[in-house]
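*Asks:* Sequences listed follow chains A and B, in order. Counting from 12, one number per residue, gives the positions in the first sequence under my numbering. Counting from 12, one number per residue, gives the positions in the second sequence under my numbering.
Number of protein chains: 2
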Amino acid sequence: MYIGNMSSGRFIDQHHIGALIADYSGMASHNVPSTRIEAAGASGSLAFRQGVMAVASGMHDVVVVGGAEKMTDVSDDASNFILNSAADQQWESMMGATFASLHAMIAQRYMHEGYATREQIAQVAVKSHLHGALNPKAQFQKPIKLETVLRSPTVAEPLTMFDCSPISDGAAAVVLCPLETAHEYTDKPVKVLGTGQASDTLALYQRPDICSFEATKVASRMAYDIAGVGPDGIDLVEIHDDYTISELLALEDMGFFPRGEAGKAVESGETEIGGRLPVNTSGGLKARGNPIGATGVAQIVELVTQLRGDADKRQVKGASTGMAQSIGGTGSTAVITIMGVV
Amino acid sequence: MYIGNMSSGRFIDQHHIGALIADYSGMASHNVPSTRIEAAGASGSLAFRQGVMAVASGMHDVVVVGGAEKMTDVSDDASNFILNSAADQQWESMMGATFASLHAMIAQRYMHEGYATREQIAQVAVKSHLHGALNPKAQFQKPIKLETVLRSPTVAEPLTMFDCSPISDGAAAVVLCPLETAHEYTDKPVKVLGTGQASDTLALYQRPDICSFEATKVASRMAYDIAGVGPDGIDLVEIHDDYTISELLALEDMGFFPRGEAGKAVESGETEIGGRLPVNTSGGLKARGNPIGATGVAQIVELVTQLRGDADKRQVKGASTGMAQSIGGTGSTAVITIMGVV
Numbered sequence: 012m013y014i015g016n017m018s019s020g021r022f023i024d025q026h027h028i029g030a031l032i033a034d035y036s037g038m039a040s041h042n043v044p045s046t047r048i049e050a051a052g053a054s055g056s057l058a059f060r061q062g063v064m065a066v067a068s069g070m071h072d073v074v075v076v077g078g079a080e081k082m083t084d085v086s087d088d089a090s091n092f093i094l095n096s097a098a099d100q101q102w103e104s105m106m107g108a109t110f111a112s113l114h115a116m117i118a119q120r121y122m123h124e125g126y127a128t129r130e131q132i133a134q135v136a137v138k139s140h141l142h143g144a145l146n147p148k149a150q151f152q153k154p155i156k157l158e159t160v161l162r163s164p165t166v167a168e169p170l171t172m173f174d175c176s177p178i179s180d181g182a183a184a185v186v187l188c189p190l191e192t193a194h195e196y197t198d199k200p201v202k203v204l205g206t207g208q209a210s211d212t213l214a215l216y217q218r219p220d221i222c223s224f225e226a227t228k229v230a231s232r233m234a235y236d237i238a239g240v241g242p243d244g245i246d247l248v249e250i251h252d253d254y255t256i257s258e259l260l261a262l263e264d265m266g267f268f269p270r271g272e273a274g275k276a277v278e279s280g281e282t283e284i285g286g287r288l289p290v291n292t293s294g295g296l297k298a299r300g301n302p303i304g305a306t307g308v309a310q311i312v313e314l315v316t317q318l319r320g321d322a323d324k325r326q327v328k329g330a331s332t333g334m335a336q337s338i339g340g341t342g343s344t345a346v347i348t349i350m351g352v353v
Numbered sequence: 012m013y014i015g016n017m018s019s020g021r022f023i024d025q026h027h028i029g030a031l032i033a034d035y036s037g038m039a040s041h042n043v044p045s046t047r048i049e050a051a052g053a054s055g056s057l058a059f060r061q062g063v064m065a066v067a068s069g070m071h072d073v074v075v076v077g078g079a080e081k082m083t084d085v086s087d088d089a090s091n092f093i094l095n096s097a098a099d100q101q102w103e104s105m106m107g108a109t110f111a112s113l114h115a116m117i118a119q120r121y122m123h124e125g126y127a128t129r130e131q132i133a134q135v136a137v138k139s140h141l142h143g144a145l146n147p148k149a150q151f152q153k154p155i156k157l158e159t160v161l162r163s164p165t166v167a168e169p170l171t172m173f174d175c176s177p178i179s180d181g182a183a184a185v186v187l188c189p190l191e192t193a194h195e196y197t198d199k200p201v202k203v204l205g206t207g208q209a210s211d212t213l214a215l216y217q218r219p220d221i222c223s224f225e226a227t228k229v230a231s232r233m234a235y236d237i238a239g240v241g242p243d244g245i246d247l248v249e250i251h252d253d254y255t256i257s258e259l260l261a262l263e264d265m266g267f268f269p270r271g272e273a274g275k276a277v278e279s280g281e282t283e284i285g286g287r288l289p290v291n292t293s294g295g296l297k298a299r300g301n302p303i304g305a306t307g308v309a310q311i312v313e314l315v316t317q318l319r320g321d322a323d324k325r326q327v328k329g330a331s332t333g334m335a336q337s338i339g340g341t342g343s344t345a346v347i348t349i350m351g352v353v
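1. To test your reading of the DSSP string, which unbroken beta strand (DSSP E) runs of 3 or more residues are found completely within the region 35-79 of chain B?
2. Rounded to a whole number of angstroms, what is the C-alpha to C-alpha distance between E80(B) and V308(B)?
3. Using the C-alpha atoms, what's the distance from E258(A) back to T306(A)?
4. In the region 155-179 of chain B, which residues sit with their C-beta less than 7 Å from some C-beta in chain A, listed in chain order?
5. For the candidate residues V186(B), Q208(B) and K138(B), whose alpha-carbon lies nearest to that of M70(A)?
6. Anyone know if the C-beta pair for S54(B) and G304(B) falls short of 7 Å?
7. For D264(B), I'd like the list of residues in its chain whose CB is within less than 6 Å of its CB, leaving aside the five on either flank, ordered along the chain.
8. Chain B beta carbons: is any one of them nearer than 7 Å to that of A108(A)?
9. Please list the terminal residues of the continuous beta strand (DSSP E) segment that includes G333(B).
10. Which residues in the same chain as V85(A) place their Cβ atom closer than 8 Å to its Cβ, once the five residues preceding and following it in sequence are excluded?
11. Which stretch, first to last residue, makes up the beta strand (DSSP E) that contains E195(A)?
12. Are A335(B) and L318(B) touching if we call contact CB-CB under 7 Å?
13. What residues from chain B crowd round G347(A), counting only those whose CB sits closer than 8 Å?
14. For the region 199-219 of chain A and the region 94-101 of chain A, state whether three or more C-beta atom pairs, one from each stretch, are separated by less than 8 Å.
15. Considering only the beta carbon of each residue, do A50(B) and T348(B) sit closer than 7 Å?
16. Using DSSP's beta-bridge definition, name the partner residues of Q208(B).
17. Excluding the 5 residues flanking K153(A) on each side, which residues of the same chain have their C-beta closer than 7 Å to its C-beta?
18. So the candidates are T341(A), R129(A), V346(A) and T255(A); which of them puts its Cα closest to the Cα of N95(A)?
19. For L296(A), count neighbouring Cβ atoms within 10 angstroms of its own Cβ and tell me buried if that reaches 16, exposed if not.
20. On a Cα-Cα basis, can you pick out the residue from H27(A), P269(A) and V43(A) that is closest to P242(A)?
21. Among the candidates E313(B), M106(B) and K328(B), whose CA atom is the shortest distance from the CA of P147(B)?
22. Determine, for M334(B), whether the minimum Cβ-Cβ distance to residues of chain A falls below 7 Å.
23. Mind listing the chain B neighbours of E49(A)? Cutoff is C-beta to C-beta under 9 Å, in chain order.
24. Spell out whether any CB of chain B is found under 7 Å from the CB atom of A273(A).
25. Determine the DSSP secondary structure at K153(B), reduced to helix, strand or coil.
26. I'd like to know whether the C-beta of Q208(A) is nearer than 7 Å to at least one C-beta of chain B.
27. One question on the structure: do M172(B) and A65(A) come within less than 7 Å of each other, judged by their Cβ atoms?
28. Determine whether the beta carbon atoms of R287(B) and E278(B) lie at a separation below 7 Å.
29. Could you spell out where the beta strand (DSSP E) holding A183(A) opens and where it closes?
30. With H, G and I counted as helix, E and B as strand and the rest as coil, what does DSSP make of E225(A)?
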């Protein structure tokens, strides 16, 4: 068992949550090994990647990967302090930077370079809420208008409340096993085609270019190489849209669009369900919710649901490959997963 | 890169320490993937086990496993609160239980059953400090007398200050690669023969027998099976002696002595350097120190040092196999590693 969790130690004063979940789920009575993984927002996806390795190495035949975060037991201020401690405390958080302000700086620079307009950035949220409205497990299930994003209270200019993913409680889980034995457990197995992981500087100011996350690029290349497919071979994508601007960077860093083209693609509806490349059919972090440790696992759940053809109203027709991108911090950790139908 | 760390989030208000260490060590400039592992006191050993899997699965050719904890930046009260949150908050810590008091209950029961005398339990600390005095990297490098243990202030009856491992700052690291390429990096490679991991209930009160840790037994069997050796084939052992009593349980659970015999073995000197089964030649958690996330990795460093014949004054002559036992909580997570000369 692998558990993705960012900070049960601060959110609920409980460390050792791997053992706790093994215990409370009844698995400890079988002495099932349980390992907690943390990489801020990428905790869940990284737990999934460890699970893949545990099966691929032959160490374990069946692995459960879970992700969870309980964020609403503390005050908003406390919650923000905890989240900000995934940035560089010494050089960012203690200087007053928050993830919202760091991403606002990215957005400002991105617009300054002419890569997207404010409206194109805001359109990401409109699209995510449109998809979230089709997902009965989404935190927000109401479509919103472009004006709603633009006119809601500013969090850090230019980002408003609707550009930011919410505080959420949530959990998600998947079961992994070798492909040869998968039919013992399910009629619709889905295959892990490739995974990738990369790091970058913890602090944003140390990067030569803040309009791109190098870790996403490197992790994507790693996953594409292992999977033997490229961006053209991907039918749908789950992206770490902790902030609207993050989705545009990711779409370009993963190779789906050239620099400065993602905003136009979102605006033209290309990333909606029914478009050329449906993005965040689950509603994404923005509308599905962002319970930190669960987020990366929830992305995998969405890919599996889509690739099984079980996504109901939000089903991407004929989807045979899916890709998930997960981020810890401001691109300090990136995890990529590519999955396909068997 | 894998990083074992229990709670940088609380000890130094910094989450996402995997990315931080990749960054500050210069590895992020090569986008090296970095994953933080937490399982309370077993964080470091579990990071090592993930590193072994990452190499064994073919996912990575070279893996650095590090462990670190900075515990002295907070008050003793805060430190105790953080440590206690690795026990079951709801049913143990919030009721006033501490790890010292939980281990004191184990010690009381163990003595009540006639498995060991108070003096035999205390002798574990005397032996650990004897070994620590031979380790230039130990936190405490002075031998102590049996009376010192017995007459020092009581922490939780019958355990005194000298029965308890200290608060420590520290770090440790090792490098892993496939055996076939190890000679490119070192003249003295050491082989990982087997690893094991198991979970048990988070809370102690739920166990049918508190004089034994089932997780240690299960993880030991797993590691012995993979390694193809048994207790008789092990030349030296590093044990998670967070409290003196823990060492006696471990020696029995790992199969080195029948129930109720470990105390006598320690008393007779069998577990000293030069004895039949040298235990905690590093000084153990008791004398080498217990920087939580680093502890499990430091055990591996000691095994490597001994198996290379580089342990100087504390060298176990002719050591060709070594075993490490690492615990999170009161036996809620157990991790076992068996290593051997090539």
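Glycine residues also receive a C-beta, built at the ideal position from the N, C-alpha and C atoms. All figures in this text were calculated on a predicted structure; none of them were measured in a lab.
*Replies:* Taking the coordinates as given:
1. 46-49
2. 12 Å
3. 15 Å
4. none
5. Q208(B)
6. yes
7. S223, F224, T227 and K228
8. no
9. T332 to G339
10. R21, F22 and I93
11. First-last for E195(A): undefined, no H or E at that position.
12. no
13. Reading off the sequence, residue 347(A) comes out as Ile, not Gly. Those within 8 Å of I347(A) in chain B number zero; the least Cβ separation is about 11 Å.
14. yes
15. no
16. V346(B)
17. H140 and A144
18. T341(A)
19. buried
20. P269(A)
21. E313(B)
22. no
23. N16, G20, H26, H27, I28, G29, T46, R47, I48 and E49
24. no
25. coil
26. yes
27. no
28. no
29. G181 to L187
30. helix
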